[in-house]
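Note that full-length UniProt numbering gives residue 286 to position 286 of the sequence shown, counting from 1, and the numbers run on in steps of one.
Please read the structure below before turning to the comments.
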Amino acid sequence: MSAQAQMRAMLDQLMGTGRDGDTMRQRIKFSDERVCKSHLLDSCPHDILSGTRMDLGECIKVHDLALRADYEIASKDQEYFFELDAAEHLQSFIADCDRRTELAKKRLAETQDEISAEVAAKAERVHELNEEIGKLLAKAEQLGGEGNVDEAQQLLEKVEKTRALKKEAEDVYRNSMPASSFQQQKLRVCEVCSAYLGLHDNDRRLADHFGGKLHLGFIEIREKLEKLRKAVIEKQERMRMRRREEREREDEKERQWEIERERERAREREREWERERERERERRRSSRDRSSHTHDKEHSLSQERWREGAGEGWRDDRVEDRVEYADWENRERSNSPDTARARERERSLSYERDRRSSSEERESGEI
């Protein structure tokens with residue numbers, strides 16, 4: 001890649017698709033299905049293994065550093081969960097690699113001479129020490145290239161100690177089997193990248209393998225996969241917490257609404273009770289008004305009757321006075337001498353009539 005192309009890529013990565021007003025590039029968004037989500041998260045195996053013995057070629061989806069920059073800016077304000085897509089992509093790739101590793105182990109078991117479990121364990125120990133030496137040498141070379149000479153020197157000292165352990169393990173392995181069998185190259189499949197490793201590989205060969213782009217690329221892919229898994233778990237946990245908080249807020253809102261509704265019902269009952277009391281007071285006032293009106297009417301009628309009765313009594317008194325006056329006059333007349341003589345004659349005449357009547361009755365009885 002030319003220096004100009006590298007500079008353009010750096011600008012795209014920093015500023016995104018709209019850095020120079022190119023509307024054509026802005027037509028495709030980072031959320032488009034055609035865009036590689038693993039590339040947006042810098043974890044696409046096609047990028048990582050580019051230029052290695054297992055170069056996968058160009059990815060079928062869009063790779064654009066500007067789109068990655070757009071995503072990094074947008075993801076600060078919103079969750080897109082592209083980690084899940086990328087994790088599934090890398091998981092599929094690693095699963096294929098693990099299947100190749102198991103297949104290679106099976107082929108080795110079929111082609112190499114069968115050895116006892118004890119001898120196999122001793123050979124495995126030599127392989128483990130070879131791997132440790134290779135990793136230490138690769139790390140020391142990396143630190144030396146970065147200028148960390150002291151740390152690189154410390155790793156080289158560990159390499160020497162590991163070489164001594166390897167020498168002892170090789171002696172134990174050699175003494176456990178015939179010399180002819182020991183000279184045969186015993187291969188082992190690398191658990192990381194599924195490449196073949198020899199039991200008698202020298203340090204340079206081991207350093208080239210463990211420090212090579214292929215092996216380190218697979219290590220990076222596996223590390224990114226683990227990181228993506230953790231990110232997915234964390235985001236899922238945050239989503240669960242957010243949903244739980246939302247549910248709690250909704251429940252709290254529902255409780256508050258229910259409390260307010262109960263308060264409103266209580267206020268309505270109180271208002272209804274107050275209205276009922278007001279109606280009862282109104283009925284009592286109306287009843288008192290009717291009673292007062294009836295009493296007033298009866299009182300008026302009784303007053304009229306009394307007045308009427310008082311007038312009749314006054315007239316009766318006048319009549320009685322007249323009668324009493326007439327009796328008094330009669331009594332006065334009867335007390336006069338002429339009246340006495342007339343009364344005496346009247347009594348005499350009455351007596352005579354009674355005597356005659358009695359005599360006639362006796363005579364009639366005798367006959």
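Glycine included, every Cβ here is placed at the ideal spot set by N, Cα and C.
Candidates 167, 157, 59: closest to residue 125 by CA position: 167
Beta-carbon contacts of residue 133 that lie in its chain and below 7 angstroms, excluding the five residues immediately before and after: 159, 162, 163, 166, 203, 206
Would DSSP call residue 192 helix, strand or coil? coil
Quick one: Cα of residue 59 to Cα of residue 35, how far? 10 angstroms
Does the segment 218-233 come within contact of the segment 69-84, defined as at least 3 CB pairs closer than 8 angstroms? yes
Check whether the segment 87-97 touches the segment 213-232, taking contact to mean three or more Cβ pairs, one atom from each stretch, closer than 8 angstroms. yes
Counting pairs of Cβ atoms below 8 angstroms between the segment 59-70 and the segment 39-46, do you hit three or more? yes
When burial is assigned at 16 or more other CB atoms within 10 Å of the CB, is residue 215 buried or exposed? buried
For residue 101 and residue 217, the rounded distance between their alpha carbons: 16 angstroms
Span separating the alpha-carbon of residue 312 from that of residue 284: With a pLDDT of only 49 at residue 312, under 50, the local geometry of the prediction cannot be trusted, and the value read off the model is given with reservation. Cα to Cα, the separation comes out at about 41 angstroms.
Does residue 48 pass the burial test, meaning 16 or more other C-beta atoms within 10 Å, or should it be called exposed? buried
On a CA-only basis, which of 151, 129, 136 is nearest residue 173? Give me that one, please. 129
Drop a sphere of 10 angstroms on the beta-carbon of residue 348, count the other beta-carbons inside from all chains shown, and report buried for 16 or more, exposed for fewer. exposed
Beta bridge counterpart(s) of residue 35 as assigned by DSSP: 62
With burial defined as no fewer than 16 other Cβ atoms inside 10 Å of the residue's Cβ, what is the status of residue 188: buried or exposed? buried
Measuring only the C-alpha atoms, how far is residue 80 from residue 121? 48 angstroms
Where does residue 197 fall in DSSP's three states? strand
For residue 136, is the classification buried or exposed, using 16 other Cβ atoms within 10 angstroms of its Cβ as the cut-off for buried? buried
Tell me whether the beta-carbon of residue 152 lies closer than 8 angstroms to the beta-carbon of residue 140. yes
Under 8 angstroms between the Cβ atoms of residue 186 and residue 52? no
Output needed for residue 55: all residues of its chain with C-beta closer than 7 angstroms, excluding positions within five of it in sequence on either side, in chain order. 49
Counting C-beta neighbours from all protein chains within 10 Å, is the total for residue 95 16 or more, i.e. buried, or is it exposed? exposed
Determine which residues share a DSSP beta bridge with residue 187 and list them. 198
Got a sec? Which residues, its chain only, sit under 7 angstroms from residue 123 by beta carbon, not counting five neighbours each side? 173, 186, 199
The alpha helix (DSSP H) that contains residue 28, what's its start and end? No alpha helix (DSSP H) holds residue 28; DSSP gives it neither H nor E.
Could you check if residue 286 is buried or exposed, using at least 16 other CB atoms within 10 Å of its CB as the buried criterion? exposed
Measure the Cβ-Cβ separation of residue 197 and residue 209 and say whether it is below 8 angstroms. yes
Is it the case that the Cβ atoms of residue 104 and residue 194 are separated by a distance below 8 angstroms? yes
Is residue 119 near residue 75, with beta carbons less than 8 angstroms apart? no
Which runs of the alpha helix (DSSP H) fall wholly inside the segment 75-163 and span at least 4 residues, in chain order? 82-111, 117-145
Where does residue 369 fall in DSSP's three states? There is simply no residue 369 to check, as the chain begins at 1 and stops at 367 in what is shown.
Would residue 138 and residue 57 be called neighbours here (beta carbons separated by less than 8 angstroms)? no
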